[in-house]
Every structure is written in C-alpha cells, then in structure tokens.
Amino acid sequence: MHNPYICGAEKNNYSSMPLLEKQLIVKRSTLKGAGKGLFTTRDIPKGKKIVEYKGKITKWKEVNDRDGLNGYIYYVNRNHVIDAWSTKAALARYANDARGLVRTEGLYNNCTYRIEGVRVFIYAMRNIPAGSELFVGYGKEYWDIIKENWGVK
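Quick note on full-length UniProt numbering: the sequence shown kicks off at 1 and runs consecutively.
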C-alpha cells in the first residue's frame, strides 16, 4: 500500500539512476562500538547513486527525537525531516560515519549525502571495492548533539 508519509514509498521512482539496494548488505560494522554497518557486495564507481535514506517525513518540531537518542533523523529543511528510527528495512540508516566519536585508523568516509527535493540519497565519493563498508559524514553538528546527549567530552 502506498504511504505518502514514508520517504521512498512513492509509486513512481522519479530518479533516472537505478539504485544498488540489492547489492547492499547489513552486518557488523568495522567501526568499534558502531553496531551494524552497510556493505556493498559489488564494486561501486565514483559518483554512483547508491541508496535512498528512507523514513517517515515529518516537520522538525514534530519529530520524535526519543530524548536525544534518535540518531536516525535527517534534517532536510525546517519543513521536512526524515525519521528512519522505525524504518528498519531502510538500508541507508546503517551507513556509519568513519569520523565519528571513535575513529579507526585507515577508515575514511567514501560516500556523501545529497538532497534532491525532499528526498536524500547516498552517493559514492570515490570508487568503492566490493566487500567494503559504506561510510558517510554525519556532520559536526550531529556529533556535537550526540556528545551532549550522551555526556561525552
């Protein structure tokens, strides 16, 4: 059933580039303490649109941040926020930030977010070999909020 409040649930995909969701898997992240991560099963060329960040579309003032513990909110603009907290099948929510609270030597972000209207996609910033974990930058503000909410200095 079509649900207009779920980003990515559109009946028609207006994107001209096919996504790689069938070539992605979720498994334990290579980042210590990160939980699950998103991996590719095939080589991905630089510039390729990989996966959409899907979730419930809401407004910032209406989003449930779960007392600061909801790390699955993507702020598009003040009228559009994508909340992937309860959208467990949304693969993009499993892409971690290699520059997060705990850094692992040799791991760098290899993807970036791009906003297209009210939709958000992950694109490859460089060629990514099969078997690699996908890493995307969350931004300094995200980590500042996490540090504050978790009491990390």
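Cβ atoms here follow ideal geometry from the backbone N, Cα and C, with glycine treated the same way.
Sequence-distant residues of the same chain with beta carbon closer than 8 Å to residue i, five excluded per side
i, result
"residue 112", "122, 123, 125, 136 and 137"
"residue 47", "123 and 124"
"residue 24", "38, 39, 40, 41, 50, 51, 91 and 134"
"residue 131", "39, 40 and 41"
"residue 109", "97, 98, 99, 125, 135, 136 and 137"
"residue 104", "30, 31, 32 and 98"
"residue 35", "28 and 29"
Cutoff 6 Å; reference residue i; Cβ partners in own chain excluding five residues on either side
i, result
"residue 20", "50"
"residue 139", "none"
"residue 114", "121 and 123"
Proximity below 9 Å, CB of residue i to CB of residue j
i, j, result
"residue 39", "residue 107", "no"
"residue 120", "residue 89", "no"
"residue 31", "residue 79", "no"
"residue 44", "residue 82", "no"
"residue 37", "residue 27", "yes"
For residue i: DSSP bridge partner residues
i, result
"residue 24", "40"
"residue 93", "Answer by DSSP bridge pairing: none, since residue 93 is not bridged."
"residue 77", "80"
"residue 123", "49 and 112"
"residue 136", "111"
Nonlocal neighbours in the same chain, by C-beta distance under 7 Å from residue i, ignoring five residues either side
i, result
"residue 129", "43"
"residue 94", "26, 36, 37 and 38"
"residue 144", "none"
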